[in-house]
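Asker: Protein sequence lines, in the order shown, are assigned to chains P and Z.
Note that the first sequence ends on residue 521 in the numbering used here; no numbers are left out.
Note that the second sequence ends on residue 1097 in the numbering used here; no numbers are left out.
Note that beta-carbon positions come from the ideal geometry of N, C-alpha and C, so glycine has one too.
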Amino acid sequence: RKEVEQDPGPFNVPEGATVAFNCTYSNSASQSFFWYRQDCRKEPKLLMSVYSSGNEDGRFTAQLNRASQYISLLIRDSKLSDSATYLCVVNSRAGNMLTFGGGTRLMVKP
Amino acid sequence: SQTIHQWPATLVQPVGSPLSLECTVEGTSNPNLYWYRQAAGRGLQLLFYSVGIGQISSEVPQNLSASRPQDRQFILSSKKLLLSDSGFYLCAWGLAGVSEQFFGPGTRLTVL
């Protein structure tokens, strides 16, 4: 079993739609959780951290369910510019090591 | 503010040739530094990390090596490239005790 698993997609949605991605992680001792965004042929960029209480940043909402060991990202009112691959990232090791999921590809269509 | 640089941006090398990729960070002191590789259509694989000058930890045994000759400089090397070394090489930095990592623009390596 992979440490961090994501549905690779692609998720094809129209502009204005709401889309949600889930991610599961295997290490129950994981402490920190993040979503990164990666555009085609570019470096990953930190989108948001995921807190136990859930957190929101504009159109983006992240949730953490420790009991079920999954993380979610909700994007409301999708824009064409949201088209990218979204990486679920977990700090599940001692120190500052991050484990990356394989990514979920989102394509927002006009 | 902190910035991270990588060069070259793209590289095409023949099998068996040497490799040297450089990463430098500005605007911070004593960062943790990381080298990742992302093969086509795949996830990020951690190759090396460093918590200080001369301190290198290897995650995956292979024909690559890393060095940290200065606090904000991280170098990835190989004596002889293999076809399987092709990929997108990303350098990242983070602060001790903080989990977030920030990536450089990457080097796209093609080994022919």
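Check the DSSP bridge columns for Arg1053/Z and list the partner residues they point to.
Answerer: Per DSSP, none; premise fails for Arg1053/Z.
Asker: Chain P beta carbons: is any one of them nearer than 7 angstroms to that of Leu1018/Z?
Answerer: No, Leu1018/Z does not count as interfacial toward chain P.
Asker: Taking Cβ positions only, does Gly513/P come closer than 7 angstroms to chain Z?
Answerer: Answer yes: the Cβ-Cβ gap between Gly513/P and chain Z drops below 7 angstroms somewhere.
Asker: Measuring only the C-alpha atoms, how far is Val1115/Z from Ser1069/Z?
Answerer: Here chain Z has residues from 986 to 1097 only, and residue 1115/Z is not among them.
Asker: In three-state DSSP terms, what is Ser1062/Z?
Answerer: In the structure shown, Ser1062/Z sits in a strand (DSSP, three-state: E or B).
Asker: For the stretch 471-485 of chain P and the stretch 428-437 of chain P, state whether three or more C-beta atom pairs, one from each stretch, are separated by less than 8 angstroms.
Answerer: Contact holds: three or more Cβ-Cβ distances are below 8 angstroms.
Asker: Give me whichever residues DSSP pairs with Leu1029/Z in a beta bridge.
Answerer: Paired residues: Gln1023/Z.
Asker: Residues of chain P with CB under 7 angstroms from Gln1086/Z, in chain order?
Answerer: The contacting residues are Leu509.
Asker: Could you compute how far the alpha carbon of Lys453/P sits from the alpha carbon of Thr496/P?
Answerer: So the alpha carbons of these two residues sit roughly 10 angstroms apart.
Asker: Please determine whether the Cβ atom of Lys520/P lies at a distance below 6 angstroms from any heavy atom of the ligand GTP.
Answerer: The ligand GTP is not among the ligands present in this structure, which contains no ligands whatsoever.
Asker: By the criterion of Cβ-Cβ separation under 7 angstroms, what are the contact partners of Glu454/P in chain Z?
Answerer: Near Glu454/P (Cβ distances below 7 angstroms), the residues of chain Z are Leu1075, Phe1088, Gly1089, Pro1090, Gly1091.
Asker: Would Ser439/P count as contacting chain Z if we go by Cβ distances under 7 angstroms?
Answerer: So, not an interface residue.
Asker: With a threshold of 16 other CB atoms inside 10 Å of the CB of Cys499/P, please say whether the residue is buried or exposed.
Answerer: Cys499/P is buried by the Cβ-count criterion.
Asker: Quick one, which of Ser464/P, Trp446/P, Ser460/P, Ser441/P has its alpha-carbon nearest Glu414/P's?
Answerer: The shortest Cα separation from Glu414/P among Ser464/P, Trp446/P, Ser460/P, Ser441/P belongs to Ser441/P.
Asker: Could you give the first and the last residue of the continuous beta strand (DSSP E) run that contains Gly1072/Z?
Answerer: Note, Gly1072/Z: beta strand (DSSP E), 1072-1079.
Asker: Cβ closer than 9 angstroms: which chain P residues qualify as neighbours of Leu1032/Z?
Answerer: By Cβ distance, chain P contributes nothing, its closest Cβ being about 12 angstroms from Leu1032/Z, past 9 angstroms.
Asker: Going by C-alpha to C-alpha distance, which of Asn1017/Z, Trp992/Z, Gly1012/Z, Gln991/Z sits closest to Ser508/P?
Answerer: First, the residue type needs correcting, since residue 508/P is Met and not Ser in the sequence shown. Checking every option, the nearest Cα to that of Met508/P belongs to Asn1017/Z.
Asker: Hey, Leu1029/Z and Phe511/P are a contact pair by Cβ (cut 8 angstroms); roughly how many whole angstroms apart?
Answerer: Confirmed, about 4 angstroms.
Asker: Bridge partners of Ser483/P, per DSSP?
Answerer: Bridge partners of Ser483/P: Asn433/P, Gln474/P.
Asker: Taking only beta-carbon positions, decide if Leu475/P is within less than 7 angstroms of chain Z.
Answerer: Answer no: the Cβ-Cβ gap between Leu475/P and chain Z never drops below 7 angstroms.
Asker: Could you pull the start and end residues of the beta strand (DSSP E) that Arg448/P belongs to?
Answerer: From DSSP, the beta strand (DSSP E) with Arg448/P extends over 443-449.
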